[in-house]
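In what follows, a structure is listed as structure tokens, so that the remarks can point back to it.
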Amino acid sequence: MRIYPFFSSSSGNCTYVGNSDEGILIDCGVSAARVKAALESRGIALQAVKGLFITHEHTDHIKGLKVFTKSTGIPVYSRGATLDRLLDAGLLCSASHSVEPGVPVKAGSFCVTAVKTFHDAVSPCCYRIDTDKVSCAVCTDLGTVTEDVLDALSGVKAALIESNYDMGMLSRGPYPRELKERIASYDGHLENSQCAELAVKLVKAGAERLILGHLSQHNNDPVLAERETETALMRAGFERDVHYMLMAALPQESRYFSF
Ligand SMILES: [Zn+2]
Ligand SMILES: [Zn+2]
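Start counting the sequence shown at 15; every next residue gets the next number (this note's numbering).
Below you can see the structure in the form of structure tokens.
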């Protein structure tokens, strides 16, 4: 099993979980052509993609959705209100299936469970993916790490988690005040130190591969984000490359983790 953060930043998100035989995509926040090229360059055929799971309707998660669904016919899964919003906007051109938080659905041999998140979208969620051997999660766009999220992510071997901004960079940065407040609010995005706290809880519960994702290109730096999480894990008694592996995903990322 592998987790590929094909695209990960505030300007476009798309993650593939699986292998060359089968897997799922989470979000389609860059053009369909870029998603297809990313799959092809890793030797993953379109037929291997058993479903496209959408977390929420913000552009950085659905930008390529219309063309991708029209040209591939790959079914889309999301929470009901998000699907309604996407249908109304004419962005869904393949079959769509609604998912309920906490109720697993099958996509190929993957069991995918939506987890409710706090974020300023109509019905946002993140996803936990289980096979009969391993579990992982893709969890971004979190204003707050809720008990729901912690429970749902407990015991995963690998996780892509949000490390969106550094508080100092955000406050000194170029964004208007309202946007800064939105990002830092309880239904905005996760700061590096909040991500680090989540990372400690996940590693304590058995996670061995962590990808820091959805980094802001204006308000964060991959080195800073990695350092914050690594330091928190070190304080908790976990050593990098001994107890866990870590990467901060670049906006377009060629690396992946196997687990
Ligand atoms: Zn969002
Ligand atoms: Zn986002």
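Cβ coordinates follow ideal geometry from the N, Cα and C atoms, glycine included.
Roughly how many angstroms separate the alpha carbons of residue i and residue j, rounded to a whole number?
{"i": "Ile197", "j": "Pro89", "result": "31 Å"}
{"i": "Ala246", "j": "Asn206", "result": "11 Å"}
{"i": "His81", "j": "Phe252", "result": "Position check: residue 81 holds Val in this sequence, whereas His was assumed. Distance between the alpha carbons of Val81 and Phe252: 44 Å."}
{"i": "Asp144", "j": "Cys125", "result": "5 Å"}
{"i": "Cys42", "j": "Leu184", "result": "26 Å"}
{"i": "Ala62", "j": "Thr83", "result": "15 Å"}
{"i": "His203", "j": "Ser55", "result": "31 Å"}
{"i": "Phe20", "j": "Glu192", "result": "30 Å"}
{"i": "Gln266", "j": "Ala52", "result": "9 Å"}
{"i": "Gly87", "j": "Ser110", "result": "10 Å"}
{"i": "Val159", "j": "Leu212", "result": "8 Å"}
{"i": "Asn234", "j": "Asn27", "result": "16 Å"}
{"i": "Leu106", "j": "Thr96", "result": "11 Å"}
{"i": "Asp201", "j": "Cys140", "result": "14 Å"}
{"i": "Ser199", "j": "Tyr189", "result": "15 Å"}
{"i": "Arg254", "j": "Met248", "result": "8 Å"}
{"i": "Thr73", "j": "Ala239", "result": "24 Å"}
{"i": "Arg99", "j": "Val117", "result": "21 Å"}
{"i": "Ser85", "j": "Arg269", "result": "26 Å"}
{"i": "Asp102", "j": "Gly32", "result": "31 Å"}
{"i": "Lys194", "j": "Arg241", "result": "23 Å"}
{"i": "Gly94", "j": "Ile68", "result": "11 Å"}
Taking residue i and residue j to be in contact with their CB atoms under 8 Å, please state how far apart those CB atoms are, rounded to whole angstroms.
{"i": "His133", "j": "His70", "result": "6 Å"}
{"i": "Leu174", "j": "Arg142", "result": "That belief does not hold up - the Cβ atoms of Leu174 and Arg142 are roughly 11 Å apart, past 8 Å."}
{"i": "Leu164", "j": "Lys215", "result": "6 Å"}
{"i": "His232", "j": "Gly182", "result": "Rounded, the Cβ-Cβ distance is 13 Å, inconsistent with contact."}
{"i": "Tyr258", "j": "Leu224", "result": "6 Å"}
{"i": "Glu114", "j": "Ala128", "result": "7 Å"}
{"i": "Cys209", "j": "Glu176", "result": "6 Å"}
{"i": "Phe271", "j": "Ile17", "result": "5 Å"}
List the DSSP bridge partners of residue i.
{"i": "Ser272", "result": "Arg16"}
{"i": "Ala250", "result": "BP columns for Ala250 are empty, so no partner."}
{"i": "Asp144", "result": "Cys125 and Ser149"}
{"i": "Leu39", "result": "Tyr30 and Leu66"}
{"i": "Gln266", "result": "Phe21"}
{"i": "Cys139", "result": "Lys130"}
{"i": "Ser110", "result": "Val90"}
{"i": "Val119", "result": "Val126"}
{"i": "Leu260", "result": "Leu224"}
Can you check which of these residues, the options, is closest to residue i by C-alpha distance?
{"i": "Gly220", "options": "Ala47, Leu264, Ala52 and Ala151", "result": "Ala151"}
{"i": "Lys64", "options": "Ser149, Val214, Asp165 and Lys120", "result": "Lys120"}
{"i": "Asp146", "options": "Met181, Gly122, Cys139 and Ser25", "result": "Gly122"}
{"i": "Glu161", "options": "Lys130, Gly87, Ala135 and Ser23", "result": "Lys130"}
{"i": "Asp155", "options": "Asn178, Val170 and Val136", "result": "Asn178"}
{"i": "Ile76", "options": "Pro138, Arg16 and Asp165", "result": "Pro138"}
{"i": "Ile58", "options": "Ser34, Leu66 and Ala47", "result": "Ser34"}
{"i": "Ser230", "options": "Leu66, Phe67, Ala128 and Ala262", "result": "Ala262"}
{"i": "Phe273", "options": "Ile40, His72, Val170 and Ala95", "result": "Val170"}
{"i": "Tyr30", "options": "Thr243, Ile40 and Arg269", "result": "Ile40"}
{"i": "Ser25", "options": "Cys153, Tyr270 and Leu264", "result": "Leu264"}
{"i": "Leu66", "options": "Ala47, Thr73, Gly78 and Tyr91", "result": "Tyr91"}
{"i": "Val256", "options": "Ser23, Ala46, Ser268 and Glu222", "result": "Glu222"}
{"i": "Arg48", "options": "Gly78, Ser22 and Leu260", "result": "Gly78"}
Say yes only if the C-beta of residue i is nearer than 7 Å to one or more non-hydrogen atoms of ligand 4, and no if none qualify.
{"i": "Asp165", "result": "In the structure on display, ligand 4 does not appear, and the ligands it does have are ligand 1 and ligand 2."}
Any beta strand (DSSP E) of 3 or more consecutive residues that is wholly inside the segment 49-86: Counting whole runs of 3 or more residues, the segment 49-86 contains the beta strand (DSSP E) stretches 63-67.
Could I get the ranges of all uninterrupted alpha helix (DSSP H) runs contained in the segment 149-227, with 4 residues as the minimum, in chain order? 161-167, 181-186, 191-198 and 206-218
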